[in-house]
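Contents: one structure, followed by commentary.
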Amino acid sequence: MNHEIARSPVTIWSEGSRLAAEMFKPVGAAGARPGILLCHGWGGLKGHLAESYAKPFARAGFACLVFDYRGWGDSDGKLIPLVDTPMLTEAGERSLKARVIREVVDPGDQIADILAAFAWLITEDGVDPTRMGIWGSSFGGGNVVSAAGMDSRIKAVVAQIGSYGPPSDEGFVALARQRMADKARGRIGPALPQAIDQQPNLKGAPDVARMLFNRPLQAAARIRVPTLFIDAENEEYGEPDIQGGAAFDIVRQNAVAERHTFPCTHYEVYDRFYEPSLKLAVDWFAKHL
């Protein structure tokens, strides 16, 4: 199939933040279409997914939604009241000084955004709510596994070159717990990651305190739907025991699962092995949705 595409901008509300999104629908496809939510990774923006993934999926007959996480791209940043602002003890409209926080990788916020975007997509006209899939890449691969373990309406999953949890070494755990204590006591502000936790060669910075409780492998044990893992044999991010092989071993105990690896590094899946990895995903959703 090679459908023409109708493309439209939409706004999604997620816990009070507005997420900028785009909807892609195949033109002329008969009946309600299966829906796929596409979720990018660390520092990724919807524009890349729109061109490289949403369009091919839509041409194949799927209704697709892409979006920017809060604090990224065209979506709202998080508003944090300044320390000298009076306590907000009364309901209603207020004017206050606040700091806008952007480009922080917070898995808790991102998973909430994914669930909000999924709730929007599953209720969209022309989308079949019984045939819903979710696709995520890089850090988004772990995020979609978490989401699929939470929402049983997700009927098929593709997790590409995913990361499935924080480092387990004592040093990281101690750092994360210190960050939690310092934030709770007001010694550091919510803009902290940009100042001291920036990661080499990556856009944005992690909220280390929140990373500690990001547990996609626990969510993987709750998945009961067909799940495809696409991985790079020479993956340079994360530890082997929290990568795709570990998640695959968990999911396949309770659901149909497959894992395909390419002889490459992380980013080569987006260029050198883009076409075969895309075909794997399209074929997986065509089979299971």
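Heads up: the sequence shown at position 115 corresponds to 637 in the numbering used here, and the numbers run straight through without jumps. Yeah, the Cβ is synthetic: ideal placement off N, Cα and C, and Gly gets one too.
Asked, Found
"Buried/exposed call for W594, threshold 16 Cβ in 10 Å", "buried"
"Helix, strand or coil at G655 according to DSSP, with G and I counted as helix", "strand"
"Beta-carbon gap between R746 and S668 smaller than 9 Å", "no"
"Complete runs of the alpha helix (DSSP H) confined to the region 556-588 [at least 4 residues]", "568-571 and 577-581"
"Three CB pairs or more closer than 8 Å across the region 746-758 and the region 776-786", "yes"
"Cα-Cα separation, G708 to A731", "14 Å"
"Cβ-based neighbour list, P651, same chain, cut-off 6 Å, excluding 5 preceding and 5 following", "I644"
"K801 burial status per 10 Å Cβ neighbour count (16 or more: buried)", "exposed"
"F640 (DSSP reduced to helix, strand or coil)", "helix"
"Within the region 607-635, ranges of the beta strand (DSSP E) (whole runs, at least 3 residues)", "620-623"
"Burial state of R540 (16 or more Cβ within 10 Å)", "exposed"
"Burial state of K725 (16 or more Cβ within 10 Å)", "exposed"
"Boundaries (first-last residue) of the beta strand (DSSP E) holding L750", "T749 to A754"
"Test item: CB-CB of G663 and Q682 under 9 Å", "yes"
"First through last residue of the alpha helix (DSSP H) which encompasses A696", "E692 to A706"
"Helix, strand or coil at E790 according to DSSP, with G and I counted as helix", "helix"
"Minimum C-alpha distance to E854 - residue among D805, S690 and C586", "The chain is shown only over 523 to 811; residue 854 falls outside these bounds and no answer can be derived."
"Own chain partners of A639 with C-beta closer than 7 Å, once the 5 adjacent residues on each side are dropped", "I534, L541, A543, L559, L587 and F589"
"For K677, three-class secondary structure by DSSP", "coil"
"Cut-off 7 Å between Cβ atoms - residues of its own chain near I710, not counting five sequence neighbours on either side", "D704"
"Exposure label - N524; buried when at least 16 CB within 10 Å", "exposed"
"Rounded C-alpha distance that separates A613 from R624", "26 Å"
"K809, DSSP secondary structure in three states", "helix"
"Bridge-paired residues (DSSP) for W780", "First, the residue type needs correcting, since residue 780 is Glu and not Trp in the sequence shown. Answer is L750, bridged to E780."
"Where the beta strand (DSSP E) through V666 begins and ends", "That residue, V666, is in no beta strand (DSSP E); its alpha helix (DSSP H) goes F661 to A670."
"Cross-strand partners of K547 (DSSP beta bridge)", "A528"
"Assigned secondary structure, P728 (DSSP; H/G/I helix, E/B strand, else coil)", "strand"
"In DSSP terms, what W594 is bridged to", "Note: W594 sits in no beta bridge, so no partner."
"E780 beta carbon less than 9 Å from that of L750", "yes"
"Environment of Q817 [buried if 16+ CB atoms lie within 10 Å]", "This structure does not reach residue 817, given that the chain is present from 523 up to 811, and the question cannot be answered."
"N-terminal and C-terminal residue of the alpha helix (DSSP H) that P738 is part of", "P738 to A742"
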